[in-house]
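Numbering (full-length UniProt numbering), first residue to last: 1 to 361.
Contents: one structure, followed by commentary.
Structural data, given as structure tokens:
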């Protein structure tokens, strides 16, 4: 059976070669006589898998030695609730920039545990732009400044790292990590759910400056303490071993493909193809986002009517283009172009868009 092009926002498409390797190794892995999902997470075999995944991720993202890399169960929403518990002192404020749906989620998760302040909010303008950093209202003694690097629903992306002075910059990179070169040293903490660019759902990555870990707060439950996780090499409890293994395969694949520089080139090409089709459609397809902050990973667009939106989704699925329905919060269409989506997928989508407009425009 031929694989379709899957434009899902997450869980998202994975490299076919990674899936084939995982399939081949599912029943019996690496000559040990058992599946990777059956062996102990503390065995030498799995410890080697975990170490390789971290080493490859450090290489892929050029992570400095003074940053710890953690692999944790769950997703970004869990991390958002734990950030203030770990990194804000009692009574200390934390600043949040709300550039879309997930920025709103981040501050909602933090409110029970910290004086969460809105440094900037793009909602009044419909989340079509990101307020410039110079306009943000920052608390001088804030524990951190939190941003969402890429908003999957509204389709806006920070194209440059904002300057927040000496305050630690925390960023949710769930949907854009490894999509282009990144200066990790500009951030105090980076986190990402794996299910868009790094692997399957169920595991997340945190990249955190070690000095922040050393002065972190102490949540009452040790399992919520990132310093404890770092001290135990992300094995404070039994980790999601299958997910960790698949993440390692995916990161290795990205290195073999040429690393973040190559994916930056591919992602720019894919985004240019789809935005070009939208902008040349004479208004049949509409993207409302200011060009300077258009996301390369998630491209939402709208047709002249909801009925045409529905036709587009059903007809594109029949054509082998999956999961193009927009998020329920905004409607319309959404094409997610993560690293594992080949340029051929964007080309196929653009060809379908042209054909659809010819028939329905």
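Each residue gets a CB set at the ideal place from its N, CA and C atoms; glycine is no exception.
Keep in mind it's a predicted model, so treat the numbers as computed, not measured.
Continuous beta strand (DSSP E) stretch holding residue i: start and end
| i | result |
| --- | --- |
| residue 146 | 145-148 |
| residue 266 | No beta strand (DSSP E) contains residue 266, which is instead part of the alpha helix (DSSP H) from 259-279. |
| residue 66 | Here residue 66 belongs to no beta strand (DSSP E), and DSSP marks it neither H nor E. |
| residue 94 | 93-98 |
Start-to-end residues for the alpha helix (DSSP H) that takes in residue i
| i | result |
| --- | --- |
| residue 17 | 16-25 |
| residue 204 | Unbroken run through residue 204 is the beta strand (DSSP E), 203-209; no alpha helix (DSSP H). |
| residue 78 | 76-87 |
| residue 117 | Element bounds for residue 117: not the alpha helix (DSSP H) but the beta strand (DSSP E), 115-121. |
| residue 107 | 101-110 |
Three-state class that DSSP yields for residue i in the structure shown
| i | result |
| --- | --- |
| residue 196 | coil |
| residue 328 | coil |
| residue 301 | strand |
| residue 338 | coil |
| residue 172 | strand |
| residue 237 | coil |
| residue 223 | helix |
| residue 37 | coil |
| residue 58 | helix |
| residue 28 | coil |
| residue 322 | strand |
| residue 164 | coil |
| residue 379 | Because the chain is modelled from 1 through 361, residue 379 falls outside the range shown and cannot be assessed. |
| residue 359 | helix |
| residue 215 | coil |
| residue 245 | helix |
| residue 363 | Here the chain has residues from 1 to 361 only, and residue 363 is not among them. |
| residue 127 | coil |
| residue 311 | helix |
| residue 71 | strand |
| residue 182 | coil |
| residue 5 | strand |
| residue 189 | strand |
Distance between residue j and residue i (C-alpha atoms, nearest Å)
| i | j | result |
| --- | --- | --- |
| residue 82 | residue 24 | 37 Å |
| residue 170 | residue 52 | 26 Å |
| residue 17 | residue 2 | 14 Å |
| residue 325 | residue 232 | 42 Å |
| residue 301 | residue 135 | 28 Å |
| residue 125 | residue 187 | 27 Å |
| residue 29 | residue 361 | 53 Å |
| residue 123 | residue 103 | 10 Å |
| residue 212 | residue 229 | 14 Å |
| residue 149 | residue 95 | 15 Å |
| residue 59 | residue 222 | 30 Å |
| residue 346 | residue 19 | 21 Å |
| residue 98 | residue 78 | 18 Å |
| residue 76 | residue 133 | 24 Å |
| residue 362 | residue 215 | Outside the displayed span of the chain (1 to 361) sits residue 362, for which this structure offers no information. |
| residue 217 | residue 257 | 40 Å |
| residue 61 | residue 74 | 22 Å |
| residue 350 | residue 9 | 18 Å |
| residue 348 | residue 87 | 45 Å |
| residue 35 | residue 80 | 33 Å |
Whether residue i touches residue j by CB criterion (7 Å)
| i | j | result |
| --- | --- | --- |
| residue 176 | residue 152 | no |
| residue 167 | residue 142 | yes |
| residue 7 | residue 335 | yes |
| residue 15 | residue 340 | yes |
| residue 328 | residue 129 | no |
| residue 145 | residue 164 | yes |
| residue 295 | residue 193 | no |
| residue 267 | residue 202 | no |
| residue 179 | residue 263 | yes |
| residue 69 | residue 245 | no |
| residue 353 | residue 277 | yes |
| residue 159 | residue 139 | no |
| residue 297 | residue 255 | no |
| residue 67 | residue 85 | no |
| residue 238 | residue 41 | yes |
| residue 312 | residue 321 | no |
| residue 137 | residue 110 | no |
7 Å Cβ cutoff, residue i in contact with chain C
| i | result |
| --- | --- |
| residue 235 | The structure shown contains no chain C, having only a single protein chain. |
Any non-hydrogen atom of the ligand GTP closer than 6 Å to residue i Cβ
| i | result |
| --- | --- |
| residue 329 | No copy of the ligand GTP occurs in the structure displayed, which carries no ligand at all. |
Residues of its chain near residue i, where Cβ-Cβ distance is below 6 Å and the 5 sequence neighbours each way are ignored
| i | result |
| --- | --- |
| residue 190 | 171, 173 and 207 |
| residue 11 | 195 and 201 |
| residue 285 | 278 and 301 |
| residue 161 | 186 |
| residue 287 | 278 and 301 |
Residues of its chain near residue i, where Cβ-Cβ distance is below 7 Å and the 5 sequence neighbours each way are ignored
| i | result |
| --- | --- |
| residue 45 | 30, 32 and 39 |
| residue 293 | 129, 130, 156, 157 and 159 |
| residue 54 | 69 |
Cβ shell of residue i (< 8 Å), same chain only, five flanking positions each side left out
| i | result |
| --- | --- |
| residue 306 | 331 |
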